[in-house]
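Report on the following structure.
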Amino acid sequence: MAISSAFLPFNGELRGISIAYGSSDGRWDDKRETESMNKPRQEGEQRAEGCPHCARIRQVELGNLENLVHQTRRAIVVAGDHQFFPGYCLVISKKHIREMHQISEEEALGLFADVLTVGRVIDENYHPLKMNYVSLGNVDEHLHWHVIPRYLSDPDCRDHPWKNSAVFSKSPTTGEIVENLRSMFSKS
Ligand SMILES: [Zn+2]
């Protein structure tokens, strides 16, 4: 088992904590897929063993998730692991939900309202050229959205947001940025 903390959604989705899984290069791993280590053990269970997002929710419950900037009844909002796109955040469901269509319409609308609020707050404070809302879950099968502001200064602002992932780590998420995001959301 290799430790990965890669940033790519296609070969190692962005995460705030390193987890152990399948292959050393972080690519999709058939064995891991077969094991479905992120599936809840029982139908309806809200947490799944080995899921990094469930681990984050547990940290929030314990009051020690460093990058937490906001939370609602249904979701937590964390600062992205990098700030290559200033203001970049993730919205993570508090429940371990694998697919969007598996939840009730009421729950889906509530979560989506949270995502829209996050996008609006980032837009009003950072004034990006465009907002990107990305929900994949190919690696971490727990419903979440990447809310990514795109800027003219981004060398590939018309392309997908992971094009420059090789240099994401050069724009780390500092404590000051997290505090600024918290302040923004506290006024929302
Ligand atoms: Zn989970």
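Numbering (the working numbering), first residue to last: 1183 to 1370. Beta carbons are placed, not taken as given, at the ideal position from N, Cα and C, and that holds for glycine.
Do residue j and residue i have their beta-carbon atoms positioned less than 7 Å apart in this structure?
| i | j | result |
| --- | --- | --- |
| Val-1260 | Asn-1249 | yes |
| Leu-1314 | Ile-1304 | The displayed chain sequence assigns Asn, not Leu, to residue 1314. The answer is no: Cβ separation not under 7 Å. |
| Leu-1363 | Val-1251 | yes |
What does residue i pair with, by DSSP beta-bridge criteria?
| i | result |
| --- | --- |
| Met-1314 | The sequence given here places Asn at residue 1314; Met does not occur at that position. In DSSP, Asn-1314 forms a bridge with Ile-1330. |
| Ser-1275 | Ala-1257 |
| Pro-1354 | His-1264 |
| His-1252 | Val-1259 |
Pick helix, strand or coil for residue i, following the three-state DSSP scheme.
| i | result |
| --- | --- |
| Pro-1337 | coil |
| Leu-1247 | coil |
| Ser-1365 | helix |
| His-1324 | coil |
| Ile-1285 | coil |
| Ala-1230 | coil |
| His-1181 | Absent from the model: residue 1181. The displayed extent of the chain is 1183 to 1370, so no value can be given. |
| Arg-1280 | coil |
| His-1347 | Reading the sequence as shown, one finds Ser at residue 1347 and not His. Residue state, collapsed to three classes: helix. |
| Gly-1269 | coil |
| Gly-1319 | coil |
| His-1309 | coil |
ask   = Taking any heavy atom of ligand 1 as the mark, which residues have a C-beta closer than 5 Å to it, listed down the chain?
value = Taken from the N-terminal end onward, the list reads Ala-1230, Cys-1233, His-1235, Cys-1236, His-1278, His-1324.
query = Counting pairs of beta carbons, one from the segment 1257-1273 and one from the segment 1282-1290, are three or more of them closer than 8 Å?
reply = Remark: fewer than three beta-carbon pairs, one from each stretch, lie closer than 8 Å, so the segment 1257-1273 and the segment 1282-1290 are not flagged as touching.
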